[in-house]
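FYI, the numbering for the sequence shown is 129 to 454, going by my numbering.
C-beta: ideal position from N, C-alpha, C; glycine also.
Owing to the predicted nature of the structure, the values given are computational and were not obtained by experimental measurement.
Here is the structure we will look at, set down as C-alpha cells.
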Amino acid sequence: TNHAELIARLPKAELHLHIEGSFEPEMMMELAERNRIEIPFKTLEEAKAAYDFANLQEFLDLYYQGMNVLRTEQDFHDLTWAYLLRAKADNVRHVEMFYDPQAHTERGVAFGTVTEGILSALERGQQELGITSELIMSFLRHLSEDDGFALLDESKPWHDKFVGVGLDSSEVGHPPLKFERLFAKCRELGFKLCLHAGEEGPPAYVREALLDIGADRIDHGNRAMEDSALIEILRDSQTPLTNCPLSNLALCVIDDLRDSPLKAQLEAGLLVTVNSDDPAYFGGYIGKNYEAIQKALDLTDEQLVQLARNSFTASFLPDDEKARLI
Ligand code: ADE
Ligand code: ZN
C-alpha cells in the first residue's frame, strides 16, 4: 500500500510542538525587516546551512537567537497561524502546544503580548480550520526553580488558558527534581505535567519525572529504553511518550532513524506517539515525521493507525472527545 497516502488520510493529534520551533527562516527574515532587527543570515540557504546540530545545546543556542525577532502580539499570532495552516495540511485535528514564556519575558517582551498573540491564533484555528487546541506553558530548566515560581505567579491571570505545564531546554545537569516544589504546586493548581526527560539525560531523569514528580506525559523518553524495569512501569501506567523522530536525528540523539526506539516502544505496548518538536529547524512537520519513521522502521499500516490513535488517547482531551476523534 501507499504509506504516504494512509499517513495523509489519518486524523492526528500533535502533542509535542514548541511554537517557537515552527519559526521558519522565511518568516524570520520577514519579521526581522518588519521589526528592524538584524539577523545573522540573509538568505534561506544561509539559514538552513546554520541548522546543523551536534547536540541539543547547539540547537537551543540558535532557537533562542531566532525567537529574538518575535516582538509584538501580531508576530506571535502570525507564527501560530502559520503553524496551524501546516498542521491542517497534515490532517492534524488537535494540537497541544508548548511555548517558552521565559525566553520572551527575559528579553523584555511581556507575558501577555506573547500569550494573547498565541491564544488569538489558536481560537482562530478552531473557528476557521476546525483544529482544537490546548496550550502548555513550559518552564526553562536551565533557569532556577525560583524563576519558575516567578513565571507561575506572573501567568496567574491566564491560568485557566493552560491545560498544563512543561519542562524543556538544556536537560543534562537539570534533573526533574530540581523543580520538585514547583511541579507539586502546579499539580495542586490542577495543571497536567509534561516533562522532557530521557532525550539526552539518563533513564534516572525519566524515573524522577514519572515517580517523583508524577508526570502525566514524558516528552521524548528515548533513554527509558535502557531500563527494563522502567519500561514495565511505562507500560503498566500507559504514560504517554511523545517521540519526535526527525528531532532525534537532527540533534544526534540517534545516528540513524533506524536506531529510533519507536518500534520497540510500540511492540512493548507503550503509549508512544509521533510528533515534530521544532519542525522549522529539524526538516519536517508531523506528516513528514510519520513518513520518515515508517520508512526507516518499516512500520505496517496497522502500526501507523495505532500511532495516530495513540495521539488522541495520549491527549488531554475529555474521553468523549477522544472517542469522537479516533
Ligand atoms: N526546546 C525546544 N525544543 C526542545 C527539545 N527538543 N528539547 C529540549 N528543549 C527544547
Ligand atoms: Zn521538545
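In terms of side-chain proximity, the C-beta atom of ASP189 is found no nearer than 7 Å to any non-hydrogen atom of the ligand ZN. When secondary structure is reduced to three states using DSSP, VAL220 falls in the strand class.
Around the CB of THR370, 16 or more other CB atoms lie within 10 Å, so the residue is classed as buried. Residue environment analysis places GLU336 among the buried positions, since at least 16 neighbouring C-beta atoms fall within 10 angstroms of its C-beta.
Taking 8 Å as the cut-off, the Cβ atoms of LYS216 and LEU257 count as close. The stretch 141-156 makes contact with the stretch 219-228: 3 or more CB pairs, one atom from each, lie closer than 8 Å. Partner residues in a beta bridge of HIS205, as assigned by DSSP, do not exist.
Under a 10 Å Cβ-count criterion, ALA177 is classified as exposed, with fewer than 16 other Cβ atoms of the shown protein chains found around its own Cβ. Closest by C-alpha distance to ASN183, out of THR200, GLU316, GLU299, is GLU299. Assigned with DSSP and collapsed to three states, GLY301 falls in coil, not helix or strand. A distance criterion of 7 Å places the beta-carbon of ASP275 beyond contact range of the ligand ADE, judged by its closest non-hydrogen atom.
Remark: the shortest separation between the CB of GLU308 and any heavy atom of the ligand ADE does not fall under 7 Å. Excluding residues up to 5 positions away in sequence, SER298 lie with their Cβ nearer than 7 Å to the Cβ of GLN185 in the same chain.
Annotation: the stretch 386-436 contains the following complete segments of the alpha helix (DSSP H) (minimum length 4 residues), in chain order: 390-395, 407-410, 414-425. Set against 7 Å, the gap from the CB of HIS146 to the closest heavy atom of the ligand ZN is smaller. PRO373 is not a Cβ neighbour of ASN438, given a cutoff of 8 Å. Check the Cα spacing between LEU323 and each of GLY301, GLY292, MET353, ILE361: the tightest is with GLY292.
Residue nearest to GLN230 within the set THR260, ASP296, ASP180 is ASP296 (criterion: CA-CA distance). Residue pairing from DSSP places LYS320 in a beta bridge opposite GLY292. An exposed status is given to HIS287, since fewer than 16 other beta-carbon atoms sit within 10 Å of its beta-carbon. In the DSSP assignment, MET265 forms a beta bridge with TYR227, VAL293.
For ARG252, there is no enclosing beta strand (DSSP E); the enclosing alpha helix (DSSP H) has its first and last residue at 239-252. ALA442 sits in coil when the DSSP states are folded into three classes, being neither helix nor strand. Relative to the non-hydrogen atoms of the ligand ADE, the Cβ of SER150 never comes closer than 7 Å to any of them. Distance from the Cα of ILE135 is smallest, within the candidate group ARG452, THR428, HIS302, PHE444, for THR428. Taking the Cβ atoms as the reference, ALA325 lies roughly 7 Å from HIS348, within the contact range of under 8 Å. In this structure, DSSP gives LYS140 an extended state, which the three-state scheme calls strand.
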